[in-house]
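In what follows, a structure is listed as structure tokens, so that the remarks can point back to it.
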Amino acid sequence: MQTVLLTGFEPFDNDLVNPSWEAARQLDGVQVAEGVQIVARCLPCAFATAGAYLAQLINELSPAMVIATGLAPGRSEMSIERVAININDARIPDNLGQQPIDTAVVVDGPAAYFSTLPIKAMVKALREAGVAAAVSQTAGTFVCNQVFYLLQHRLAGTGVRSGFVHVPSLPPAGQPSLVEGLRLAVSTAWFIQADVVETGGQVS
């Protein structure tokens with residue numbers, strides 16, 4: 182059985198739930214294809230521990246693909262992230278009270294890593310299913326970006342595709358649930374190797 186590792190985050194900033202984990206955990210054990218199963222895990226929202234736990238999961242599970250997810254407060258669509266940058270610049274403390282400002286995720290690491298998922302194909306599939314979605318050019322500078330960067334850094338050159346998806350607090354009325362949107366994003370990422378060439382930006 183091949184594994185797709187799907188992660189979400191624990192609540193942060195005084196929230197009681199984190200939609201990224203609430204959606205991801207409902208997909209734990211779901212089959213993406215014959216012989217391919219999602220394993221969902223929750224990451225701590227902490228600079229000091231999130232990356233280490235992610236690395237532990239990758240070592241234990243040897244996943245065939247990894248998609249990390251997080252909450253993007255204020256966004257109204259699923260955001261398929263394009264790039265992770267080598268900077269921590271926290272606007273608020275994390276869940277351990279740490280607030281790194283202008284520090285490197287990986288000292289002497291590359292300035293940035295791109296997602297290795299078919300990000301525009303994912304956006305296209307989501308939109309066709311009625312899910313508001315767009316390619317995002319920034320994953321921020323909080324723990325989400327740190328995890329995204331460390332994920333790409335860890336898997337660079339391995340052939341294991343990986344990336345990051347930000348979810349909104351709630352989908353707009355009348356749209357499929359975050360669970361269904363995330364399931365479709367994972368399925369599209371698994372089955373499509375070559376990305377489509379079309380705009381993936383926000384719908385005006």
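Just so you know, the sequence shown maps onto residues 182 to 385 in my numbering. We put the CB at the ideal spot given by N, CA and C, even for glycine. Note that the structure is a prediction, hence the values are computed from the model and not measured.
Identify whether residue i lies in helix, strand or coil by the three-state DSSP scheme.
{"i": "Cys223", "result": "strand"}
{"i": "Ala337", "result": "coil"}
{"i": "Thr369", "result": "helix"}
{"i": "Gly189", "result": "strand"}
{"i": "Gly382", "result": "coil"}
{"i": "Gly157", "result": "Past the edges of the chain, shown from 182 to 385, lies residue 157, and the structure says nothing about it."}
{"i": "Phe329", "result": "helix"}
{"i": "Ala285", "result": "coil"}
{"i": "Ala315", "result": "strand"}
{"i": "Ser296", "result": "coil"}
{"i": "Ala375", "result": "coil"}
{"i": "Ala214", "result": "strand"}
{"i": "Ser350", "result": "coil"}
Closest by CA to residue i, which one among the options?
{"i": "Leu299", "options": "Ala313, Ala205, Thr230 and Leu365", "result": "Note on identity: in this sequence residue 299 is Pro, with Leu being the wrong assignment. Minimum Cα distance to Pro299 is reached at Leu365."}
{"i": "Gly290", "options": "Ile273, Tyr330 and Thr322", "result": "Tyr330"}
{"i": "Asn276", "options": "Val378, Glu191, Glu215 and Ser368", "result": "Glu191"}
{"i": "Val288", "options": "Leu252, Ser243, His334 and Phe323", "result": "His334"}
{"i": "Phe295", "options": "Arg342, Glu309, Gly255 and Tyr234", "result": "Arg342"}
{"i": "Ile125", "options": "Gly321, Ala229, Ile273 and Leu208", "result": "The structure shown has nothing for residue 125, since the chain only spans 182 to 385."}
{"i": "Ile282", "options": "Gln327, Thr184 and Leu186", "result": "Gln327"}
{"i": "Gln318", "options": "Gly382, Gly362, Ala310 and Cys223", "result": "Gly382"}
{"i": "Asn267", "options": "Pro244, Gly321, Thr250 and Ala221", "result": "Gly321"}
{"i": "Ala337", "options": "Gly311, Arg256, Gly210 and Ala265", "result": "Ala265"}
{"i": "Leu186", "options": "Leu197, Glu203, Thr250 and Asn199", "result": "Thr250"}
{"i": "Arg256", "options": "Arg206, Ser350 and Val211", "result": "Ser350"}
Please report the Cβ distance between residue i and residue j, rounded to the nearest whole angstrom; I am assuming they are in contact, meaning their Cβ atoms lie under 8 Å.
{"i": "Leu279", "j": "Ala354", "result": "First, the amino acid is wrong: residue 279 is Gln here, not Leu. Between Ala354 and Gln279 the Cβ distance is about 37 Å, and since that is not below 8 Å, they are no contact."}
{"i": "Ala285", "j": "Asp376", "result": "The pair is not a contact, with the Cβ atoms about 29 Å apart (cut-off 8 Å)."}
{"i": "Phe345", "j": "Arg272", "result": "Their Cβ separation, rounded to whole angstroms, is 18 Å, which puts Phe345 and Arg272 out of contact at 8 Å."}
{"i": "Gly216", "j": "Met182", "result": "6 Å"}
Give a yes or no on whether the minimum CB-CB distance between residue i and chain D is below 8 Å.
{"i": "Phe193", "result": "The chain inventory of the structure shown lacks chain D, comprising one protein chain alone."}
If we ignore side chains and look at the alpha-carbon of each, how far apart do residue i and residue j end up?
{"i": "Ala231", "j": "Lys305", "result": "30 Å"}
{"i": "Val367", "j": "Val213", "result": "8 Å"}
{"i": "Thr297", "j": "Leu359", "result": "22 Å"}
{"i": "Ser385", "j": "Glu258", "result": "Since pLDDT at Ser385 reaches only 37, below the 50 mark, its modelled position is unreliable, and the value read off the structure follows with that caveat. Approximately 13 Å, taken between the alpha carbons."}
{"i": "Asp194", "j": "Leu252", "result": "11 Å"}
{"i": "His347", "j": "Leu242", "result": "23 Å"}
{"i": "Ala236", "j": "Thr380", "result": "33 Å"}
{"i": "Pro352", "j": "Ala313", "result": "8 Å"}
{"i": "Gln147", "j": "Ala310", "result": "With the chain covering only 182 through 385, there is no way to say anything about residue 147."}
{"i": "Pro225", "j": "Pro254", "result": "17 Å"}
{"i": "Leu332", "j": "Ala370", "result": "16 Å"}
{"i": "Pro274", "j": "Ser201", "result": "19 Å"}
{"i": "Asn199", "j": "Val220", "result": "18 Å"}
{"i": "Gly189", "j": "Leu363", "result": "11 Å"}
{"i": "Ala205", "j": "Val211", "result": "10 Å"}
{"i": "Cys325", "j": "Arg308", "result": "24 Å"}
Q.
As an exercise, report each continuous beta strand (DSSP E) stretch of at least 3 residues that is fully enclosed by the region 217 to 277, in chain order.
A. Here the runs fully enclosed are 217 to 224, 246 to 252, 259 to 262 and 264 to 266.
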